[in-house]
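In the working numbering, the protein residues as written are 2 to 119.
C-beta atoms are modelled at their ideal positions from N, C-alpha and C, and glycine is treated no differently.
Right under this line is the structure:
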């Protein structure tokens, strides 16, 4: 069984408003003993008004990276929101080198203008 750890690092783009622009860095660590390839991504983005946007497609940032055991793949992307606060969550579909596919969940994380929520 393959094991993947996903870490998220969201950041507000200073000075942006309506839409508010957020960047996020994602680290995907292969904690398993065999290589895995990221095949597909799915994101659900919800702003403070409850507006939901679903984004899905092959790979991430135009890549379908193969991640060796113990290695970490990281990438940066961004999302505009109509509100200064929102939440992202999602999943990745991966495949190990033996051909077994599995999904890893990305826990919800907050996108927020600094100091807007206490």
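Can you grab the Cα-Cα spacing for the pair residue i / residue j, in whole Å?
| i | j | result |
| --- | --- | --- |
| residue 69 | residue 6 | 13 Å |
| residue 75 | residue 102 | 21 Å |
| residue 21 | residue 108 | 22 Å |
| residue 25 | residue 4 | 22 Å |
| residue 73 | residue 11 | 18 Å |
What is the C-beta distance between residue i and residue j, in whole angstroms, given that I count them as a contact (C-beta under 8 Å)?
| i | j | result |
| --- | --- | --- |
| residue 28 | residue 44 | Actually they do not touch by this definition, with Cβ atoms about 16 Å apart. |
| residue 110 | residue 9 | 4 Å |
| residue 83 | residue 53 | The pair is not a contact, with the Cβ atoms about 12 Å apart (cut-off 8 Å). |
| residue 117 | residue 86 | 6 Å |
Taking the DSSP output, what are the residues bridged to residue i?
| i | result |
| --- | --- |
| residue 54 | 46 |
| residue 106 | 92 |
### Message
Three or more C-beta pairs under 8 Å: does that hold for the stretch 36-45 against the stretch 74-94?
### Response
Verdict: yes, contact present.
### Query
Between the stretch 4-21 and the stretch 55-67, do at least 3 Cβ pairs fall closer than 8 Å?
Short answer: they don't touch.
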